[in-house]
């Protein structure tokens with residue numbers, strides 16, 4: 230009888246853990262954003278935008294863990310093509326991380342698209358001064374990046390930038406789950 234009770238509890242716990250870590254979807258303007266944070270931590274998702282300038286239209290998805298941590302997914306549609314060459318973006322992120330020996334910046338993929346992936350980058354305050362002993366993760370990729378016929382560069386109009394804190398093992402787990410599961414597509 231005890232064996233059946235234990236097996237029943239294991240089944241219930243397994244079902245709860247599977248149900249609590251699931252793919253989440255939200256709309257950010259014309260984009261569907263989905264991801265699996267692989268956490269049971271309570272959080273809220275808020276889509277903001279559009280924010281328009283003469284040069285671009287931006288949409289934002291904020292994920293807030295009750296003040297413990299907040300990360301943002303920023304989608305920016307430029308009116309004109311921009312340089313989407315990953316090597317240039319990598320150099321820019323590496324330059325920001327020179328003072329942190331734990332920092333890493335590499336070219337990888339997000340949802341099958343080339344991306345620059347950085348960990349251990351500085352976090353800044355409102356005056357754009359680096360915060361001591363705090364760092365972030367940042368991912369940058371283009372939804373529509375293509376090789377330009379004009380030379381050895383890539384161009385794109387729709388950039389995705391994901392930024393969040395990278396201070397604890399918990400932050401690292403959230404960042405890596407997002408990296409593996411993030412999918413953004415333009416809705417018809």
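Residue numbers (this note's numbering): 230 to 417.
Glycine is no exception: its CB is placed at the ideal position from the N, C-alpha and C atoms.
Between the C-alpha atoms of residue 331 and residue 377 there is a straight-line separation of about 34 Å. With fewer than 16 other Cβ atoms inside 10 Å of its own Cβ, residue 321 counts as exposed. Two segments are said to touch when three or more pairs of C-beta atoms, one from each, lie closer than 8 Å; by this definition the segment 381-389 touches the segment 299-313.
Residue 400: member of the alpha helix (DSSP H) spanning 398-410, first to last residue.
If you look at residue 312, you'll find it in the beta strand (DSSP E) that goes 299-312. Residue 392 is not a Cβ neighbour of residue 407, given a cutoff of 8 Å. Spatial neighbours of residue 354 in its own chain (CB-CB distance under 7 Å, excluding positions within 5 residues in sequence) are listed in chain order as 360.
Counting C-beta atoms within 10 angstroms of its own C-beta, residue 336 has fewer than 16 neighbours from the protein chains shown and is therefore classed as exposed. The alpha-carbon separation between residue 373 and residue 258 amounts to approximately 17 Å. Fully contained in the segment 325-363 is no alpha helix (DSSP H) run of length 4 or more.
DSSP places residue 320 within a helical segment (H, G or I) once states are collapsed to three. Pairing residue 304 with residue 260 gives a Cβ-Cβ distance under 8 Å. The Cβ atoms of residue 367 and residue 352 do not sit closer than 8 Å to each other.
For residue 257, the pairing in a beta bridge is given by DSSP as 260.
The beta carbon of residue 371 lies closer than 6 Å to those of 313, 385 and 388 in the same chain, with the five residues before and after it left out.
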